[in-house]
Amino acid sequence: MAIIGRIRKRVGLLIGFVGASMILFILGDLVTSNTGLMKSNSDVIGKIGGEKIHYQEFEKRYETLLENFKKNQKKDNVDPSSQEMIREQAWGMFINEKTLSKEYEKIGISCSAQELYDMCTGKNPHQQVKQAFTDPKTGSFDPATVVRFLKDLPNREENIQREWRTFEDAIKEERISEKFKNIVKFGINVTAEEAKRNYEETARSASIRFVRLDYNTIVDTAVKFEDSDLNSYYENNKYKYKQAETIRKVEYITFDVMPSDEDRSQAQNWINSKKDEFASSPNGIAFVNQNSDNPFDSSYHAKGTLSPLVDSLLFNAPMGTVAGPYEENSIFTVARLVGEKMISDSVKARHILIKIENNDSAKALAKADSLKNAIKKGSSFEMLAMIFSQDPGSGSKGGDLGWFRPGMMVKEFNDACFDGKVGDMPIVTSQFGVHLIEVTAKGPSTRQIQVAYLQRKIEPSQKTYDLLYNKASEFAMKNTTGEAFDSSIVKQGLNKRIADNIRENDKNVPGLEQPRELVRWAYAAKKNDVSKVFTFGDKYVIAHLTDIKDKGYLPLESVKEQVTAEVRKQKKGQLLAEKITNAGGGSIDAIAQKLNVTAADADNINFANGYVAGIGNEPKVNGAIFSTKANQLTKPIIGDNGVTIVMVKSINEGVTTKDFSANIKQLTDQRKSRSDYELFNALKDKANIEDNRGKFY
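Under our numbering, the residue at position 168 of the sequence shown is numbered 163, and the numbers go up by one with no gaps.
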């Protein structure tokens, strides 16, 4: 059973390996266009390569992965974040089957039964097999253990056989995936001509003197252009505005639920009414557990470690003394001294950690007890810790944890050490497993006190929630259009927030708690719609859908602001280029003088790098420099941020060579490192993935 437990973990790691490959698909396709999507009664959760993925088959895959996760993590319940991770994993598996697996079949890549058997029992077993079957006591791997396990497998329970088949499928899938990647990588080639060109581009350098006029030297209002200019630029540069996924933009306001003055007064009245009863109660601890908003904390505290008020009033006071009420972190508190103890300020200890496997704590406790008996009979604690402890940090050091202060360890461990004596060997259970502890030294003891806190939080009442909800509802009912929404925000002095680039499967919107309902609304609403009131944590939210950008080429209207900025730059560039041309010929310094600017120098400019000191990354400038001969002047170059004219002082071709092997290797390694991403990206585009999960989850 221990081996099966380790196999389950290996399956998780292997699925992660395959998932790492699939994430390149998932990241780019979390959202697709609404065009032609399912009707509300459709059960199609997505399409991959034209093949439909139905909700029921997706849920079946998800449920299987969810059950595996629960077994591996030993949990009955799974948090929403983990559920979402598992759904991503399920989607990635479908993508794998509908894209990569088809490519494997086309070119005949497979993993034979003999190859799979060799991966489990051969001289060089798969790493996950090796880890699953390594003896935790000796740290050694014996292939014969795997052989015995496989021979006995038909006699084992069905769930064990099923888990092993899942494990085999995972390592088989990984092997096939690696073969496919390697076929692509080994097919990458760099020609001698490419390597030569790369060498020359890297070796070439130049020195220049230049004059530059930035676009910000012309105010925007001085530039005139027509709608035809915008249309012309858009048509010629349409490729810049192609969108790979659908996104939404919303503007929203929040009504934050905060405690009212009445709520604050009620909390204060309550604490005042309870103070005397708390002070006179025969059992302050029981009183706190029955009445306080927070349970009793049994910790002891040294001088200077409590809040200044409590420290000054209670540390040297008689037992039963109370302090307060006082307010701290939106909580009214009365503190009462309920205990004192002489406690060491630090402890030195060592331990042997036995992890609890398959919820069998009795087995772990029995093992710790047997180790304790062995130590009492003369065995070395240090040696046994190095062999048996499952704490990698201290195990290699004979279990030694060094010195630590109160509160640095988990409570069970902490209490056993600080309450015990030097030489004691208590056995305790914590969230990490069963600990056999030996207290090896203790620091000097100091007086520490135990304080009981009676607390009442200053929180919004139901009345406060209702009043604010009514206020938010009134706003939503009166402002059902985008124009009214914006107008009321201004009139009421509200703070409008913006959430841009929302994708259909997004689970987060900055500043909002679990806002999935808002995202789904944004993908069902029409532009300029105003939402109902959403409740997210302690916020009531009303949203206005201001923009929809669908997959494909964005219309000019959607990108008009960006296009206008580019056209304005073009017009400024033409004006500045004309200004430089009108400055006449002659030297670069003469041109600078006529323009009333200063010429500058830049040296060691590299063609492959592209950066020019004083100019920045301007590809057109860089290209012009290396296409101009020494001592020649370029024409005005209209770049991304300004207009430049350059006088090339010198061009250095670098050291000549006929050996380009280093360049071939460098370029080959660069292309191989990108091959996985580029390959998956190409297959993703080819598959035309349509992801409708946002309509279901």
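All residues carry an ideal CB built from backbone N, CA and C; glycine is no exception. These numbers come from a predicted model, not from an experiment.
- Relative to the Cα of Ser325, the nearest Cα in the group Ser391, Ala411, Lys219, Arg451 belongs to Arg451.
- For Asn226, the three-state secondary structure derived from DSSP is helix.
- Within the DSSP secondary-structure output, Lys343 pairs in a beta bridge with Trp398, Ala436.
- With 16 or more other Cβ atoms inside 10 Å of its own Cβ, Pro631 counts as buried.
- Comparing alpha-carbon positions, the option among Arg199, Phe470, Gly315 lying closest to Asn604 turns out to be Arg199.
- Taking 9 Å as the cut-off, the beta carbon of Leu332 is found closer than this to the beta carbon of Thr316.
- A residue is called buried when at least 16 other Cβ atoms come within 10 angstroms of its Cβ; Arg669 does not meet this threshold and is exposed.
- Only residues of its own chain outside the window of five on either side were considered, and among them Glu272, Phe273, Ser276, Ala447, Leu449 have a CB closer than 8 Å to the CB of Phe282, listed in chain order.
- Rounded to whole angstroms, the Cβ separation of Val245 and Ile497 is 7 Å, and the two are in contact under 8 Å.
- As DSSP reads the structure, Lys42 sits in a beta bridge with Lys47, Glu685.
- For the pair Gly609 and Ala595, the CB atoms are nearer than the 9 Å cut-off.
- Closest in C-alpha terms to Tyr210, from the list Gly568, Leu60, Asn617, Asn67, comes Gly568.
- Residue state for Ala239 is assigned as coil, using DSSP reduced to three classes.
- In the same chain as Tyr50, and ignoring 5 residues on each side of it, the C-beta atoms closer than 8 Å to its own belong to Asp38, Val39, Ile40, Phe691, in chain order.
- In chain order, Ile40 place their CB closer than 6 Å to the CB of Phe53, counting only its own chain and leaving out the 5 sequence neighbours on each side.
- Gln457 is classed as exposed because its beta carbon has fewer than 16 other beta carbons within 10 Å across all chains shown.
- Considering only Asp395, Leu145, Ile166, the residue with the shortest C-alpha distance to Gln156 is Leu145.
- About 4 Å separates the beta carbons of Asp386 and Leu348, which is inside the 8 Å limit, making them a contact pair.
- If you look at Thr424, you'll find it in the beta strand (DSSP E) that goes 422 to 425.
- The continuous beta strand (DSSP E) containing Thr639 extends over residues 637 to 647.
- In the three-state DSSP reduction, Tyr295 falls in the strand class (E or B).
- When the beta-carbon positions are compared, Ala380 and His430 stay at least 9 Å from each other.
- Taking the CA atoms as reference points, Thr530 sits about 52 Å from Phe383.
- Each residue's CA atom was taken as its position, placing Lys42 and Ser223 some 40 Å apart.
- A distance of 9 Å or more separates the beta carbons of Phe250 and Lys491.
- If you look at Asp596, you'll find it isn't in any alpha helix (DSSP H); it sits in the beta strand (DSSP E) that goes 595 to 601.
- If you look at Gly488, you'll find it isn't in any alpha helix (DSSP H); DSSP assigns it neither H nor E.
- Ala262 has its alpha-carbon roughly 12 Å from the corresponding atom of Val329.
- Ranked by how close their Cα comes to the Cα of Tyr99, the residues Gln68, Asn177, Tyr57, Ala201 have Asn177 in first place.
- Sequence-distant partners of Asp524 (beyond 5 residues in either direction) whose C-beta falls short of 6 Å from its own C-beta, in its chain, are Leu540.
- For the pair of segments examined, the stretch 419 to 434 was found to touch the stretch 361 to 370: the number of CB pairs separated by less than 8 Å reaches three.
- In this structure Ile620 is not in contact with Val592, their Cβ atoms being roughly 19 Å apart against a cut-off of 8 Å.
- Straight-line measurement puts the Cα of Ser375 at about 11 Å from the Cα of Gly394.
- If you ignore the 5 residues before and after Lys191, its C-beta comes within less than 6 Å of the C-beta of Phe655, all in its own chain and listed in chain order.
- Thr129 sits away from Ile543, with the two beta carbons spaced by 9 Å or more.
- Setting aside the 5 residues that flank it on each side, Gly334 is surrounded in the same chain by Gln445, each with a C-beta closer than 6 Å to its C-beta; the list follows chain order.
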